[in-house]
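Numbering-wise, our numbering puts 294 at position 51 of the sequence shown, and it's gapless, one number per residue. Yeah, the Cβ is synthetic: ideal placement off N, Cα and C, and Gly gets one too. Being a predicted model, the structure only gives us computed values, none of them experimental.
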Amino acid sequence: MSQRLEVVDTAQPPPVWAALRNEAHAAAQSEAALASLLAAVILNHDTLGDALSYQLARKLGDQELRAMSLRDTIEEAYDGDPSLVTIAEADLKAVFERDPACKGYVQPFLFFKGFLALQTHRVAHWLYGEGRETMAFYLQSRSSELFQVDINPATRIGKGVFVDHGTGIVIGETAVIGDDVSMLQGVTLGGTGAERGDRHPKIGKGVLLGAGAKVLGNIRIGDYAKVASGSVVLKEVPAGCTAAGVPARLVNCPTCEEAEAPARTMDHTLPAITDYTI
């Protein structure tokens, strides 16, 4: 009986974890002063989850909650929901694909506040769902202090999300963010007052939220929509549309294919102004 040979596509890039390790090894050789850091955070670990739990604990630990104790908590979250590591991989890939300043996976894994804050939130959200609200809010507080990103632990966030720069982002308790969303610094997903209950925005798949965009109230931003930088959105934005201004109005409503989603192209330009209602 003939044995079937497996054809390996050598043109395919290595998986994220393999690429991250390769980059870290090369960086350790070229930057001797950082070799011990790269070894401790990346090269000494066997999986992305192990390395990420070490990195987050190293960043978030303080005198009240030491890094080793915090790492146990993060690993508990990853063991309880292994999809958190798969989602982190998708987030890391999103940074690499959408940020033109990103040269590889080592940069965001070690240094990018947006990525680290998002992974901190994912652990906090798991803790929140397990009824461990005090620990969840502790992580929210530490993330706000360290990364200047304030995300309520109850917020639900999809996979493949890119948080660029991170500084000044505020996301409220009942906000929901879909898959493949991109947002820049200074974005607020907030309420419109002191009301309780479901009061924060729902952001669809593939949405691009420009720098300083404010989306307020229990409104929906449709799939593949775009909110221009500095805009204040108080009403719903249909799928595929662009909203701009203070208060925001619709300036374009084309149909949008998934491959052309603004969150992927990171195209912040505006089309010629057209009158639409919002």
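Distance between residue j and residue i (C-alpha atoms, nearest Å)
i: G465; j: A278; result: 45 Å
i: V349; j: V494; result: 38 Å
i: V470; j: G455; result: 10 Å
i: V458; j: Q306; result: 36 Å
i: N461; j: A275; result: 51 Å
i: V413; j: L361; result: 12 Å
i: N265; j: G488; result: 45 Å
i: G357; j: W260; result: 19 Å
i: A344; j: P351; result: 10 Å
i: V480; j: V430; result: 16 Å
i: E318; j: L263; result: 20 Å
i: P325; j: R314; result: 15 Å
i: T316; j: H443; result: 29 Å
i: D407; j: G374; result: 30 Å
i: E416; j: A506; result: 23 Å
i: A482; j: I446; result: 10 Å
i: D423; j: S312; result: 32 Å
i: V572; j: G421; result: Past the boundaries of the shown model lies residue 572; the chain is included only from 244 to 521, so the question cannot be answered.
i: Y467; j: L452; result: 10 Å
i: D510; j: T377; result: 39 Å
Same chain only: Cβ atoms within 7 Å of residue i, ignoring 5 sequence neighbours per side
i: Q272; result: none
i: G411; result: Q391, Q428, G429
Assigned secondary structure, residue i (DSSP; H/G/I helix, E/B strand, else coil)
i: F405; result: strand
i: I462; result: coil
i: S387; result: helix
i: K457; result: strand
i: L295; result: helix
i: G347; result: coil
i: T485; result: strand
i: D324; result: coil
i: V480; result: strand
i: L308; result: coil
i: R492; result: strand
i: K448; result: coil
i: L286; result: helix
i: V366; result: helix
i: I334; result: At residue 334 the sequence reads Asp, which differs from the Ile that was named. Helix at D334.
i: V392; result: strand
i: S472; result: coil
i: T398; result: coil
i: T417; result: coil
i: L427; result: coil
Own chain partners of residue i with C-beta closer than 6 Å, once the 5 adjacent residues on each side are dropped
i: R301; result: A310
i: Q298; result: V284
i: L248; result: Its pLDDT being 43, under 50, L248 is placed unreliably by the model, and nothing is read from it.
i: K402; result: I330, A333, D422
i: T485; result: K469, V494, N495
i: A294; result: I285, H288
i: A418; result: T398, L432, H443, P444
Outcome for residue i when other beta-carbon atoms lying within 10 angstroms are tallied against a minimum of 16
i: F354; result: exposed
i: A379; result: buried
i: R439; result: exposed
i: E340; result: exposed
i: G323; result: exposed
i: D289; result: exposed
i: S425; result: buried
i: M244; result: Interpretation of M244 is limited by its pLDDT of 43, a score under 50 that renders its predicted location unreliable; no figure is taken from the coordinates.
i: A504; result: buried
i: K448; result: buried
Contact set for residue i: own chain, Cβ-Cβ below 8 Å, skip 5 residues either direction
i: A270; result: L277, L281, V349
i: P257; result: N265
i: L303; result: A310, L313, T363, L382, R385, S386, L389
Touching or not, the segment 382 to 401 and the segment 348 to 368, by the rule of three or more beta carbon pairs under 8 Å?
-> yes
Contact between the segment 372 to 388 and the segment 434 to 445: three or more CB pairs below 8 Å?
-> no
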